[in-house]
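There are 4 protein chains.
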Amino acid sequence: MSTVVRKLRETVCRLHEELVRYNLVAWTAGNVSGRVPGEDLFVIKPSGVSYDELTPESIVVCDLDGELVEGELSPSSDTAAHAYVYRAMPHVGGVVHTHSTYASAWAARGEAIPCVLTAMADEFGGEIPVGPFALIGGDDIGKGVVATLENHRSPAVLMRNHGVFSIGRDARAAVKAAVMCEDVARTVHVARQLGEPLPIAQADIDSLYDRYQNVYGQRSPR
Amino acid sequence: MSTVVRKLRETVCRLHEELVRYNLVAWTAGNVSGRVPGEDLFVIKPSGVSYDELTPESIVVCDLDGELVEGELSPSSDTAAHAYVYRAMPHVGGVVHTHSTYASAWAARGEAIPCVLTAMADEFGGEIPVGPFALIGGDDIGKGVVATLENHRSPAVLMRNHGVFSIGRDARAAVKAAVMCEDVARTVHVARQLGEPLPIAQADIDSLYDRYQNVYGQRSPR
Amino acid sequence: MSTVVRKLRETVCRLHEELVRYNLVAWTAGNVSGRVPGEDLFVIKPSGVSYDELTPESIVVCDLDGELVEGELSPSSDTAAHAYVYRAMPHVGGVVHTHSTYASAWAARGEAIPCVLTAMADEFGGEIPVGPFALIGGDDIGKGVVATLENHRSPAVLMRNHGVFSIGRDARAAVKAAVMCEDVARTVHVARQLGEPLPIAQADIDSLYDRYQNVYGQRSPR
Amino acid sequence: MSTVVRKLRETVCRLHEELVRYNLVAWTAGNVSGRVPGEDLFVIKPSGVSYDELTPESIVVCDLDGELVEGELSPSSDTAAHAYVYRAMPHVGGVVHTHSTYASAWAARGEAIPCVLTAMADEFGGEIPVGPFALIGGDDIGKGVVATLENHRSPAVLMRNHGVFSIGRDARAAVKAAVMCEDVARTVHVARQLGEPLPIAQADIDSLYDRYQNVYGQRSPR
Chain Y
1 MSTVVRKLRE TVCRLHEELV RYNLVAWTAG NVSGRVPGED LFVIKPSGVS YDELTPESIV
61 VCDLDGELVE GELSPSSDTA AHAYVYRAMP HVGGVVHTHS TYASAWAARG EAIPCVLTAM
121 ADEFGGEIPV GPFALIGGDD IGKGVVATLE NHRSPAVLMR NHGVFSIGRD ARAAVKAAVM
181 CEDVARTVHV ARQLGEPLPI AQADIDSLYD RYQNVYGQRS PR
Chain V
1 MSTVVRKLRE TVCRLHEELV RYNLVAWTAG NVSGRVPGED LFVIKPSGVS YDELTPESIV
61 VCDLDGELVE GELSPSSDTA AHAYVYRAMP HVGGVVHTHS TYASAWAARG EAIPCVLTAM
121 ADEFGGEIPV GPFALIGGDD IGKGVVATLE NHRSPAVLMR NHGVFSIGRD ARAAVKAAVM
181 CEDVARTVHV ARQLGEPLPI AQADIDSLYD RYQNVYGQRS PR
Chain B
1 MSTVVRKLRE TVCRLHEELV RYNLVAWTAG NVSGRVPGED LFVIKPSGVS YDELTPESIV
61 VCDLDGELVE GELSPSSDTA AHAYVYRAMP HVGGVVHTHS TYASAWAARG EAIPCVLTAM
121 ADEFGGEIPV GPFALIGGDD IGKGVVATLE NHRSPAVLMR NHGVFSIGRD ARAAVKAAVM
181 CEDVARTVHV ARQLGEPLPI AQADIDSLYD RYQNVYGQRS PR
Chain E
1 MSTVVRKLRE TVCRLHEELV RYNLVAWTAG NVSGRVPGED LFVIKPSGVS YDELTPESIV
61 VCDLDGELVE GELSPSSDTA AHAYVYRAMP HVGGVVHTHS TYASAWAARG EAIPCVLTAM
121 ADEFGGEIPV GPFALIGGDD IGKGVVATLE NHRSPAVLMR NHGVFSIGRD ARAAVKAAVM
181 CEDVARTVHV ARQLGEPLPI AQADIDSLYD RYQNVYGQRS PR
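Protein chains in written order, with full-length UniProt numbering: chain Y, 1 to 222; chain V, 1 to 222; chain B, 1 to 222; chain E, 1 to 222.
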């Protein structure tokens, strides 16, 4: 196993702790994957393993058809969806799937989250869109994720009656998108419980998005 | 005390930590039991003991009439209900009872949770049903649990004005059902606060349920 | 300082951790006191000290007029209310005050929590009542607490626009009442968000209350 | 680096843990700053650094124009707003910014939080007001914060479609205001979900505010 794969397994293993910390997952219902740079491979959580028991060694390696290449355990039952995204979107280096409560509630109604918070404009550049209903087991979920996100600024999609898929340039960025998706899903839900949130002008959304993508954070990658 | 019983006490003691971790219980209001394989016995939490103080030794052993067979402390005040389930449902190896917030709120209205999430179709195979109002102290709660669950895919029942009982092939599976029951009770509640969730077609529910029960997770039991 | 007072300070100090664990308090807004058995004294949290910094030694001793008898720090600004309860209700051995979210929300509307959960019948024997609006600084809060609770089964009262006071035979029982008050305040709130909870017949409430007060838990005091 | 600055960096670093503990922040979205006493300088969180990685050494020092004076990392992207507050309000020694859920929900609707809790009267002396919509990147946010707070008892302002800015005599007081702002935003939200909270008479609000600002806590500063 190459050093790159070993380190990526460690990173992806540790990133699952963020799903737990931010209450995005119950039991084993959520997974993170990361593309192996320069290879047609990605690493992903094994199926049905609890977050407490997850170790870097238990993270499995798959090819872009979702077939197991290395690892003792069966890959996540969502592996086909992750694989489809990596095949279709070469700039994506990380994918996350959760059933986080507030985002999944918007998904159960099939309703996009409107962009009424500056933090949403920053991270998502507009609304968080809804993808189609799709059954697990083939490429339908992956196709729905890609069809929704490829023409969208948002790195997260609410899959109807299901949950969230988020993408990023690496696994950490995809986890950040999943965390921020639930955060704004909750805040906009709470806002709407007692009335209508005020809209943000499109020009202001564009300006916030542009600035955040290009100025925020430290110059060196974190 | 046999090795089997000792190990089961450890397992059941530790599983109570999951009730705490997932915020399913306040103070001492929730309990886990597990059937001793091949014997007419089960182990269960003692009554009124806080989760911090729970040790494998404090877990008590009862027969299927709910009578104390081994242990220093009085068994849970819900012991009669657990015992009734073990007597009536031979395939059940674990029972959990909680007053978890969102599930109990559906129970207070006497309303079943509709199956509008793929995760619900996976774990519950349809709606989570409501059982009758029943007083503690005799077999009424146990009868209500069994009458509701014996003709149902769902491993969890919302007992009216009371809380949740869940079952499983072992104690861990029953705890998982209790955790997932609260998770979907919360998500569907949140979804319905701002409108009507979209339905999932019965054929899709059947397909998801079948797949999850037969394909998900690792081949070896976890 | 007597051994009894030293142990009571330890107990009351540690019980504040339960307020934190169950999310009943923000910053320093909540306090526990306990009567010194057989003496006209009680111990209580010092004012404005964070829960992390609380030590048994920092817990102060007051007489039943709320005057500081022993301790380096000023007593809680709610000391007069605690003292009034101890003077008026000789069977009370512990008092707790919090601004816990859901209970305080009922209090802000001046609305009693209806008894629609068996766990409420067990612990509170009926609804959780509302006490009057009262300003801090004299005996008004204490009078309102006592006037409301002295003719009531409930060990907790929702003080209008303010928060919760709970009582018990000792400090631990009062903390349990505060924890259960917030738990049922939340569950009944959530239930009512989507419709009307079903009522429980008065005879069933009476039966549940009687059983819980006399049968639940272990025979020896815990 | 002076001892004063070193200690302030430690204090401000540690205060970020309170933002995490009280769930006021997701990922890196929230920051604390503190004025260096007697100098035209303040210390603030670096941009895009996670709370786990924050160390006293990573906290940066800026002048009152928001320019970096000392430190390896880029200052928070909210630095201009903090700097504007320090320039305009000489009595302010600490500033906090968060997107805490319930406060941001009120901000998304552009609605002030009415003073219907005695704890709000204590800490805020009345309603928590709304400030204007303002884009990040210049002095607009700072101007909006100052224009709203300079004629107000409240140490916190809900910036429209954005989040909370709070101020205090030092960084700890500003963090307390941010914590209490979210706490009352949540409680009043929950109260209003099921009806209208009862008002508190202005004279009572005045009396509570006066007492809390002058009597609460220990005589020595904490």
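Yeah, the Cβ is synthetic: ideal placement off N, Cα and C, and Gly gets one too.
For clarity, every value in this text was computed on a predicted model and none was experimentally measured.
query: Closer than 8 Å to chain B by CB, residue 131 of chain V; result: no
query: Neighbourhood of residue 228 of chain Y by C-beta, 8 Å cutoff - its chain only, sequence neighbours within 5 removed; result: Because chain Y here runs from 1 to 222, residue 228 of chain Y falls outside it and cannot be looked at.
query: Whole-angstrom distance between residue 167 of chain E and residue 71 of chain E, CA atom to CA atom; result: 24 Å
query: Which of helix, strand or coil DSSP assigns to residue 208 of chain Y; result: helix
query: Reference residue 10 of chain Y; option with closest CA among Y:57, Y:20, Y:146 and Y:27; result: Y:57
query: Buried or exposed by the 16-neighbour rule on C-beta atoms within 10 Å, applied to residue 192 of chain B; result: buried
query: Coil, strand or helix - residue 25 of chain V by DSSP; result: coil
query: Within chain C, partners of residue 29 of chain Y - CB distance below 7 Å; result: This model lacks chain C altogether, as its protein chains are Y, V, B and E.
query: Contact set between residue 192 of chain V and chain B, taken where Cβ atoms lie within less than 8 Å; result: 194
query: Residue 11 of chain V at chain B interface by Cβ criterion, 8 Å; result: no
query: Span of the alpha helix (DSSP H), counted from its first residue to its last, around residue 99 of chain B; result: Looking at the DSSP string, residue 99 of chain B is not in any alpha helix (DSSP H), and its letter there is neither H nor E.
query: Beta-carbon proximity list for residue 185 of chain V, same chain, < 6 Å, skipping 5 on both sides; result: 102, 103, 106 and 113
query: For residue 168 of chain V, the three-state DSSP class (helix, strand or coil); result: strand
query: Touching by the beta-carbon criterion (3+ pairs, under 8 Å), the stretch 194-214 of chain Y and the stretch 135-150 of chain E; result: yes
query: For residue 142 of chain E, the three-state DSSP class (helix, strand or coil); result: helix
query: Interface residues of chain Y facing residue 44 of chain V [CB-CB closer than 7 Å]; result: Under the 7 Å cutoff, chain Y gives no residues; its nearest Cβ is about 22 Å from residue 44 of chain V.
query: For residue 70 of chain Y, the residue or residues it bridges with in DSSP; result: Y:61
query: Chain B contact residues for residue 58 of chain V, given Cβ-Cβ distances below 7 Å; result: Within 7 Å Cβ-Cβ: nothing; residue 58 of chain V doesn't reach chain B, min ~10 Å.
query: Beta carbon proximity, residue 137 of chain V to chain B, threshold 8 Å; result: yes
query: Near-chain E residues of the stretch 70-101 of chain B - C-beta to any C-beta below 8 Å; result: 73, 74, 77, 99 and 101
query: N-terminal and C-terminal residue of the alpha helix (DSSP H) that residue 85 of chain B is part of; result: 79-88
query: Min CB distance residue 37 of chain E to chain B below 8 Å; result: no
query: Chain-ordered chain V contacts of residue 209 of chain B [CB-CB under 7 Å]; result: Here the premise fails: no neighbours, minimum Cβ distance about 12 Å.
query: Rounded straight-line distance, which links the Cα of residue 67 of chain Y to that of residue 74 of chain Y; result: 10 Å
query: Residue of B:189, B:163, B:190 and B:188 minimising C-alpha distance to residue 178 of chain B; result: B:163
query: Sequence-distant residues of the same chain with beta carbon closer than 6 Å to residue 149 of chain E, five excluded per side; result: 157
query: Under the three-state DSSP convention, the category residue 158 of chain E falls into; result: strand
query: Short Cβ contact (8 Å threshold) for residue 175 of chain V with residue 159 of chain V; result: no
query: When B:26, B:15 and B:17 are compared against residue 187 of chain E, the one with the closest alpha-carbon; result: B:26
query: Endpoints, alpha helix (DSSP H) assigned at residue 42 of chain V; result: Note, residue 42 of chain V: premise wrong, no alpha helix (DSSP H); beta strand (DSSP E) at 41-44.
query: Chain Y within 8 Å of residue 104 of chain E, Cβ atoms only; result: yes
query: Contacts of residue 197 of chain V in chain Y (Cβ-Cβ under 7 Å); result: 108 and 109
query: Residue-chain proximity (residue 189 of chain E, chain Y), Cβ-Cβ < 8 Å; result: yes
query: Contact with chain E by residue 26 of chain B, beta-carbon distance below 8 Å; result: yes
query: Simplified DSSP state of residue 36 of chain V, which is helix, strand or coil; result: coil
query: Distance, residue 59 of chain V Cα to residue 13 of chain V Cα; result: 7 Å
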